[in-house]
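In the working numbering, the protein residues as written are 91 to 569.
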Amino acid sequence: MASKTTLNAKNLEALGVEKLAELLIEISTGNANHKRRLRMELAGNSSGEELAREVRKRLSSIARAKSWIDWQKVKTVKSDLETQRKTIVEKIAPTNPDEAFELIWQFLLLGDSIYERTHDGSGLLTESFHQAIDDAGRIAGQVKISTESLVGRIYAALQNNNGYSQFDRLIPSMVPALGEEGLRQLQQLFEGGTKTRDTKRTNESRQLTGLSSNEPVYRDDVYASSAFFTAKVSLQQIADALGDVDLYIAQHAEHTHIVPTVATEIGRRLVSAGRAEEALRILDKAQIGERYQVPYDWQATRADALEMLGRGEEAQQFRWQCFEQSLDDEMLKEFVRRLPDFDDVEAEEKAFAYAQTHPDVQQALILFLNYPSPAEAAKLVMHRAAGLDGDRYELLSPAAEVLSAKYPLAATLLLRAMIDFTLNYARSSRYKHAARHLMECASLAHQIEEFAEFKTHDDYVADLKKVHGRKHGFWSLMR
């Protein structure tokens, strides 16, 4: 049973209305956000129109603000934005979707004024605007607005999208409200934009903004390039919404089809549309670099195209070839998944044996951790400890944590690799981590019955002191 002093609704109700009112006044004194929240609750209790008026007034006030939003103020601004957004969505939209749509749109238009006053490195403010985009899409399906008006509003917003990303997801969120008719209208507008270029103005009448490769860069060229890019991205989103693969392909100049990522995106859509032969042609034209640079998505899409063409055996051969080149765990899983019972076990054993002798020890370790196969990871570490790269702390540290319970010696070798690298190269900024790793080694030593050909913990520490005894910055952390 909860104590009477526990903060919950039931205990607070027991204080009575008058006491709670006094507490709210006291708590909100000096806190602008709390005061605004209370005013909105009062307005909502009065009428929906009054609440909408309060939200509109607050959004206008935020838009007019000029002060810089530093990292200390971001959470406060985020809280304010979320209060407005939730009020629109939860309290106004259910009874007055038309008003809510206008307000959520006004909310989205705050993006420029907000982003111009902060760097938002945390992404907190962006989260609010992205959520508002989704809200706008849901509310749009309930409002009385013509398709033409909605299309015009979306087009204008995207044309004025100044690179702050608040409208990046606008088209996908509006697909249900737009329907095919609206999407096609939007397509026509953007297609017209990609063809319209102002070529009549003389350079003398244009504003110079800088130089690129000793060539002049004019302001209208920058805006034209931005608008052209926006149109292309928007047309890609429209194509995906319509399932129009040819429209999507048309947004990529033919000379870009050799880029693996472009070929993959086109190929994936062609496969989904049942056009595997075309997909394979596009994929095979891609210029693939060194074997470790082959994108997994390109490989997976090519294998899917082969499967769709009834060339399953060839697809499996390709998957195995890709695995041998990259040791990608997802590719191995796809290969094994398509094998009959019992054959899959044999294939895994073959793959693991191959990985154990692969030239790239780190990549093999990644495979065994992700697959996952901790036993194989421990085996790899034990047999090839000398090849571990102690600089790869982002890999070796979590690997040691994974192996520590069942394979303490392998975990110790991983920790030692990082310690050795840190001390051998005098990376003083990592001394505190190396000290922690050495203490972890001491703890793991109690779980190790036999160190085999490796040094015991005491011998290892003694050797460290002989070689690195003068690194006082490190040893001082061990006291």
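We put the beta carbon where it would ideally sit given N, CA and C, even for glycine.
Being a predicted model, the structure only gives us computed values, none of them experimental.
Check                                                                                                                                                               : Outcome
Could you please give the first and the last residue of the uninterrupted alpha helix (DSSP H) stretch that includes residue 481?                                   : Taken as a continuous stretch (DSSP letters only), residue 481 belongs to no alpha helix (DSSP H), as it is neither H nor E.
What residue ranges within the region 496 to 542 form continuous alpha helix (DSSP H) runs of no fewer than 4 residues, ordered along the chain?                    : 498 to 514, 521 to 535
With DSSP collapsed to three states, give me the class of residue 238.                                                                                              : helix
In angstroms, rounded to a whole number, what distance separates the CA positions of residue 344 and residue 352?                                                   : 10 angstroms
Smallest Cα separation from residue 473: which of 451, 174, 491?                                                                                                    : 451
With a threshold of 7 angstroms, establish whether the CB of residue 246 neighbours any heavy atom of the ligand SAH.                                               : Among the components modelled here there is no ligand, and therefore nothing to report on the ligand SAH.
Buried or exposed, going by whether 16 or more other CB atoms sit within 10 Å of the CB of residue 260?                                                             : buried
Can you tell which of 119, 496, 378, 331 has the C-alpha that lies nearest to the C-alpha of residue 266?                                                           : 331
Nearest by alpha-carbon distance to residue 277: which of 488, 329, 232 is it?                                                                                      : 329
Going along the chain, which unbroken runs of the alpha helix (DSSP H) with 4 or more residues stay wholly within the region 436 to 492?                            : 451 to 460, 464 to 473
Alpha carbon to alpha carbon, how far is residue 570 from residue 262?                                                                                              : Nothing in the structure corresponds to residue 570, since the chain is present only between 91 and 569.
Between the C-alpha atoms of residue 534 and residue 499, what's the straight-line distance to the nearest angstrom?                                                : 8 angstroms
Once the 5 residues before and after residue 272 are set aside, which same chain residues still bring their CB inside 7 angstroms of it?                            : 237, 240, 241
Runs of 4 residues minimum, wholly inside the region 337 to 404: which ones carry the alpha helix (DSSP H) assignment?                                              : 350 to 362, 366 to 375, 386 to 398
Mark residue 204 as exposed unless 16 or more other C-beta atoms lie within 10 angstroms of its C-beta, in which case mark it buried.                               : buried
Considering only residues of the same chain and omitting the five flanking positions on each side of residue 395, which have a CB-CB separation below 7 angstroms?  : 357, 361, 366, 369, 370, 373
Taking the alpha carbon of residue 174 as the reference point, which residue from 157, 188, 160, 143 has its own alpha carbon closest?                              : 143
In chain order, what residues of the same chain lie with their CB nearer than 7 angstroms to the CB of residue 420, ignoring the 5 residues before and after it?    : 386
Could I get the ranges of all uninterrupted alpha helix (DSSP H) runs contained in the region 155 to 223, with 4 residues as the minimum, in chain order?           : 164 to 176, 187 to 198, 201 to 205
I need the straight-line Cα distance from residue 562 to residue 508, nearest angstrom please.                                                                      : 18 angstroms
Alpha carbon to alpha carbon, what distance is there between residue 153 and residue 281?                                                                           : 32 angstroms
On a Cα-Cα basis, can you pick out the residue from 524, 471, 532, 522 that is closest to residue 503?                                                              : 471
Mapping the DSSP letters down to three states, classify residue 332 as helix, strand or coil.                                                                       : helix
What residue range does the alpha helix (DSSP H) around residue 421 cover?                                                                                          : 419 to 427
Under 8 angstroms, do residue 388 and residue 354 count as touching if we go by C-beta distance?                                                                    : yes
Who are the near neighbours of residue 359 in its chain, counting only those whose CB is closer than 7 angstroms to its CB and skipping five residues on each side? : 335, 338
Our contact map puts residue 413 next to residue 392 with C-beta atoms below 8 angstroms; I'd like the distance itself, whole angstroms only.                       : About 14 angstroms; that fails the 8 angstroms criterion.
When you compare only the Cα positions, how much space is there between residue 322 and residue 340?                                                                : 9 angstroms
Taking the CB atoms as reference points, tell me whether residue 178 and residue 194 lie closer together than 8 angstroms.                                          : yes
Where does residue 427 land, buried or exposed, given buried means 16+ other C-beta within 10 angstroms?                                                            : exposed
Whole-angstrom Cβ separation of residue 511 and residue 553, contact assumed at under 8 angstroms?                                                                  : Incorrect: roughly 15 angstroms between the Cβ atoms, too far for contact.
Taking the alpha-carbon of residue 576 as reference, which of 399, 416, 214 has the nearest alpha-carbon?                                                           : Given a span of 91 to 569 for the chain in the structure shown, any question on residue 576 remains unanswerable.
Report the CB separation of residue 212 from residue 172 in whole angstroms; it is logged as a contact under 8 angstroms.                                           : With 8 angstroms as the limit, residue 212 and residue 172 do not qualify as a contact, their Cβ atoms being about 14 angstroms apart.
Got a sec? Which residues, its chain only, sit under 7 angstroms from residue 410 by beta carbon, not counting five neighbours each side?                           : 425
Any beta carbon of chain D sitting closer than 8 angstroms to that of residue 179?                                                                                  : The chain inventory of the structure shown lacks chain D, comprising one protein chain alone.
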